[in-house]
Every structure is written in C-alpha cells, then in structure tokens.
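Undergrad: Quick one: the structure is below, and I'll ask about it shortly.
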C-alpha cells in the first residue's frame with residue numbers, strides 16, 4: 001500500500017474512531033481487576049462514543065515496574081484463566097477492537113507484549129517490545145526480535161510500538177514504509193520533567209515526520225506522566241486526556257491534504273545515503289558503568 005494514502009480522494013467522513021484510555025498502574029499484579037476495567041472502558045467507548053478501537057497503556061493487565069515474582073505470577077494467571085480469550089469475547093460483545101498490553105509468558109521467557117483484537121474478537125497481531133528500557137526492563141523481559149506487523153482495521157492500516165520503541169526514530173519510519181497509517185503506542189512513562197518533554201514534543205514529531213496518526217496511551221499520574229493523546233499526521237493534537245481518562249478522535253484524511261502535501265518526507269528521502277543506520281559496524285556501545293536516569 002502506498003504510504004501516500006492522503007493524496008487519494010477521500011470523502012468528508014471518518015475512516016476510524018479511535019479511543020485511548022489512561023488508567024492507573026496496578027501495584028499488586030491483580031489481573032482480574034484490570035480485566036474488569038477493560039470491560040468497563042470497552043463498553044463506555046463503544047456505547048457512549050461509538051468508537052471502533054480502544055487502546056490501553058503498556059502492561060495494563062499486570063501493572064508496570066513490579067517485581068519479577070509478581071509479574072511472572074500475573075503472566076501465568078493470564079494463561080491459566082484464558083484472559084486473552086475472555087477479552088476477545090469482550091471485543092466481540094461490544095463490537096470494538098482492543099489493544100491489550102500484558103506480560104506474555106512463552107517457554108518460561110517473559111515478553112512485554114501487546115495483542116490487537118478486532119471488533120469480531122479475532123486476534124490480529126501480538127507484538128513483543130523490541131527496545132527495552134534500561135536494566136529495569138532488561139532484567140525482567142526478553143526483547144522481541146521483530147517489528148509489529150501492519151494489519152487492517154476497518155480499512156485502516158495499523159501497527160504497534162511500545163513506549164521506548166517510539167523514542168527510536170527508525171521504528172516509526174519503518175512501520176510507515178510498510179504501510180502503517182495509524183500507529184498505536186501503549187506507554188508507561190514515569191513522571192519527570194524530561195519525560196514530559198517526550199510526550200510534549202516527540203509524539204507529535206513522530207506523527208508529523210511520518211504523516212501518520214499516533215494514538216499514545218500512557219499510564220496515569222502521579223507515578224506516570226499521563227498526557228495520553230491522539231495526534232494527526234500534521235503533528236497537531238486531536239485530543240489529550242485532561243478531566244476524562246477516556247478520549248476519542250476521528251481519523252479524517254480530508255483534513256490533512258493541504259497541511260502535509262508540502263512535506264513528502266518519505267518520497268524525498270535518499271536511502272542510499274543512510275546505509276550506516278543498518279550497518280552492524282556502527283553499533284554504539286555504552287560504557288560498562290553507564291547509568292540510565294531514573295533507572
């Protein structure tokens with residue numbers, strides 16, 4: 001599919017109505033309570049807002065930043081209680097696609113994962129976070145080894161990045177070149193002035209430089225930055241979480257034709273000049289005693 005979807009003729013209507021939920025992070029790994037919250041918000045998004053897709057934050061089912069023991073217990077509960085299957089039924093019941101984020105246990109390895117379920121309850125993809133942040137995540141999870149597939153929801157091409165993935169510019173660019181029009185970004189960004197800059201500047205930049213919509217779902221304050229938002233292909237916010245933890249926006253291509261037609265970044269690239277990006281010879285290694293801020 002051409003990345004320049006916006007050059008085609010579009011009617012005045014919305015391609016997709018997207019919702020983002022900014023919830024509190026669990027501190028005890030009580031998956032059952034998170035499942036109840038998913039059901040509640042899925043019903044709200046569908047019945048009150050007629051949304052087609054609802055995005056939850058990173059590791060929403062278990063909580064973020066928990067011990068290995070608690071995270072592993074939550075991952076086992078998700079398998080034993082067939083939680084994903086239950087949420088497939090929720091998606092089907094309310095005719096709404098769901099992005100569900102959780103610790104995924106495979107062959108005794110833990111992954112920081114996101115599963116996308118369509119409005120019929122069918123599994124579209126499971127993506128395992130490829131760029132883990134600092135020792136805090138690397139001691140708990142195994143890195144995924146593939147970027148998200150690009151899948152179709154009601155005619156819109158959708159892909160997934162998880163939190164720190166978004167801060168690595170090559171990820172969003174690669175997904176866009178693969179045809180993504182909407183990128184979902186479940187996040188667990190801790191509260192700090194530097195992290196606020198990520199939400200205020202980097203989210204909109206990723207959307208604008210790739211001419212895609214971004215649905216950014218962060219965990220809620222005070223532990224996390226919050227500032228969940230949905231951004232258009234011109235880098236402007238469509239909505240941001242303020243009073244209500246559930247926000248909704250329509251994806252209307254016609255609104256962006258003139259705003260982004262003067263900057264066809266994908267076509268104007270010269271990939272032959274950027275070979276160093278994929279060359280293993282140029283991998284950067286950190287000093288052994290390097291410390292991540294807030295690690």
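Numbering (full-length UniProt numbering), first residue to last: 1 to 295. Yeah, the Cβ is synthetic: ideal placement off N, Cα and C, and Gly gets one too. Quick caveat: nothing in here was measured; it's all calculated off a predicted structure.
(1) Figure out for me which residue from 171, 87, 5, 281 has the closest Cα to the Cα of residue 99.
(2) Ends of the beta strand (DSSP E) at residue 218?
(3) Looking at residue 103 and residue 74, is the spacing between their C-beta atoms short of 7 Å?
(4) I want to know whether the stretch 151-161 touches the stretch 8-23 - three or more CB-CB distances under 8 Å.
(5) From residue 139 to residue 183, what does the alpha carbon distance come to, in whole angstroms?
(6) Bridge partners for residue 112 per DSSP, in chain order?
(7) Have a look at 253, 136, 173 and flag the residue whose alpha-carbon is nearest the alpha-carbon of residue 9.
(8) Is it buried or exposed for residue 80, if we count other Cβ within 10 angstroms and need 16 for buried?
(9) For residue 39 versus residue 90, is the C-beta spacing smaller than 7 Å?
(10) Say whether the stretch 48-66 touches the stretch 217-225, bearing in mind that this needs 3 or more beta-carbon pairs closer than 8 Å, one atom from each stretch.
(11) Given 8 Å as the limit, is there contact between the stretch 219-233 and the stretch 255-262, that is, 3 or more CB pairs closer than that?
(12) Are the CB atoms of residue 131 and residue 96 nearer to each other than 7 Å?
(13) How about residue 84 and residue 129: do their beta carbons lie closer than 7 Å?
(14) For residue 250, which residues of its own chain have a beta-carbon under 6 Å away from its beta-carbon, when the five flanking residues on both sides are left out?
(15) Is the beta carbon of residue 34 closer than 7 Å to that of residue 66?
(16) Report yes if the CB atom of residue 49 is closer than 7 Å to the CB atom of residue 248, and no otherwise.
(17) Give me, in chain order, the residues of the same chain whose beta-carbon lies closer than 7 Å to that of residue 27; leave out the 5 immediate sequence neighbours on both sides.
(18) Give me the Cα-Cα distance between residue 227 and residue 164, rounded to the nearest whole angstrom.
(19) What is the DSSP secondary structure of residue 186, counted as helix, strand or coil?
(20) Just how far apart, CA to CA, sit residue 106 and residue 116?
(21) Which residue marks the beginning of the beta strand (DSSP E) containing residue 127, and which one marks its end?
(22) When the Cα atoms are used, what is the spatial distance from residue 189 to residue 101?
(23) What residues in its chain sit with their C-beta under 6 Å from that of residue 159, if we drop five residues either side in the sequence?
(24) Are the beta-carbon atoms of residue 94 and residue 46 separated by less than 7 Å?
(25) Given this structure, state the Cα-to-Cα distance separating residue 112 from residue 141, to the nearest angstrom.
(26) Suppose you measure from the CA of residue 229 to the CA of residue 194; what does that come to, to the nearest Å?
(27) Pick out the complete alpha helix (DSSP H) segments inside the stretch 193-245, 4 residues or longer, and give them in chain order.
(28) Work out the CA separation of residue 293 and residue 108 for me, nearest whole Å.
(29) Report the rounded CA-to-CA distance for residue 211 versus residue 275, giving the unit in angstroms.
TA: For this structure:
(1) On the chain shown, residue 99 is found 99 positions in, with the first residue counted as 1. Among 171, 87, 5, 281, the Cα nearest to that of residue 99 belongs to 87.
(2) Taking the chain shown and counting its residues from 1, the one referred to as residue 218 is at position 218. Taken as a continuous stretch (DSSP letters only), the beta strand (DSSP E) holding residue 218 covers 213-218.
(3) Position 74 of the chain shown, counting from 1, holds the residue named residue 74. Position 103 of the chain shown, counting from 1, holds the residue named residue 103. Yes, they are a contact pair.
(4) yes
(5) Numbered from its first residue, the chain shown carries residue 139 at position 139. Numbered from its first residue, the chain shown carries residue 183 at position 183. Their Cα atoms are separated by approximately 27 Å.
(6) In the chain shown, residue 112 corresponds to position 112, counting from 1. Residue 112 pairs with 103.
(7) Taking the chain shown and counting its residues from 1, the one referred to as residue 9 is at position 9. 253 is the residue among 253, 136, 173 whose C-alpha sits nearest the C-alpha of residue 9.
(8) Numbered from 1 along the chain shown, position 80 holds the residue referred to as residue 80. The residue is exposed, with fewer than 16 neighbouring Cβ atoms inside 10 Å.
(9) Working through the chain shown from its first residue, we reach residue 39 at position 39. Working through the chain shown from its first residue, we reach residue 90 at position 90. Yes, the pair counts as a contact, with Cβ atoms nearer than the cut-off.
(10) Yes, the stretch 48-66 touches the stretch 217-225.
(11) By the C-beta criterion, the stretch 219-233 is judged to be in contact with the stretch 255-262, since at least 3 inter-stretch pairs fall below 8 Å.
(12) Position 131 of the chain shown holds residue 131. Position 96 of the chain shown holds residue 96. No, the Cβ-Cβ distance between residue 131 and residue 96 is not below 7 Å.
(13) Mapped onto the chain shown, residue 84 falls at position 84. Mapped onto the chain shown, residue 129 falls at position 129. No, the pair does not count as a contact, with Cβ atoms beyond the cut-off.
(14) Here residue 250 refers to the residue found at position 250 when the chain shown is read from its first residue. If we look at residue 250 and ignore the five residues flanking it on each side, its Cβ neighbours are 14, 17.
(15) Counted from its first residue, the chain shown places residue 66 at position 66. Counted from its first residue, the chain shown places residue 34 at position 34. Not in contact: residue 66 and residue 34 (Cβ atoms no closer than 7 Å).
(16) On the chain shown, residue 49 is found 49 positions in, with the first residue counted as 1. On the chain shown, residue 248 is found 248 positions in, with the first residue counted as 1. In this structure, residue 248 lies closer than 7 Å to residue 49 by Cβ.
(17) Sequence index remark: in the chain shown, residue 27 carries index 27 (1-based). If you ignore the 5 residues before and after residue 27, its C-beta comes within less than 7 Å of the C-beta of 63, all in its own chain and listed in chain order.
(18) Here residue 227 refers to the residue found at position 227 when the chain shown is read from its first residue. Here residue 164 refers to the residue found at position 164 when the chain shown is read from its first residue. Straight-line Cα distance between these residues: approximately 16 Å.
(19) Taking the first residue of the chain shown as position 1, residue 186 is located at position 186. Three-state DSSP puts residue 186 in a strand.
(20) Mapped onto the chain shown, residue 106 falls at position 106. Mapped onto the chain shown, residue 116 falls at position 116. Distance between the alpha carbons of residue 106 and residue 116: 18 Å.
(21) Start at 1 with the first residue of the chain shown, and residue 127 comes out as number 127. Here the beta strand (DSSP E) through residue 127 covers 123-128.
(22) Along the chain shown, one-based indexing puts residue 189 at 189. Along the chain shown, one-based indexing puts residue 101 at 101. When rounded, the distance between both Cα atoms is 14 Å.
(23) Taking the first residue of the chain shown as 1, we reach residue 159 at position 159. Correct list, in chain order: 148, 150, 175, 180, 183.
(24) Start at 1 with the first residue of the chain shown, and residue 94 comes out as number 94. Start at 1 with the first residue of the chain shown, and residue 46 comes out as number 46. It is a contact, given that the beta carbons lie within the stated cut-off.
(25) Stepping through the chain shown from its first residue, residue 112 is reached at position 112. Stepping through the chain shown from its first residue, residue 141 is reached at position 141. Roughly 6 Å separates the two Cα atoms.
(26) In the chain shown, the residue the question calls residue 229 occupies position 229. In the chain shown, the residue the question calls residue 194 occupies position 194. Cα to Cα, the separation comes out at about 18 Å.
(27) 193-197, 203-210
(28) Start at 1 with the first residue of the chain shown, and residue 108 comes out as number 108. Start at 1 with the first residue of the chain shown, and residue 293 comes out as number 293. So the two alpha carbons sit approximately 30 Å from each other.
(29) Here the question's residue 211 lines up with position 211 in the chain shown. Here the question's residue 275 lines up with position 275 in the chain shown. For residue 211 and residue 275, the gap between their C-alpha atoms comes out near 23 Å.
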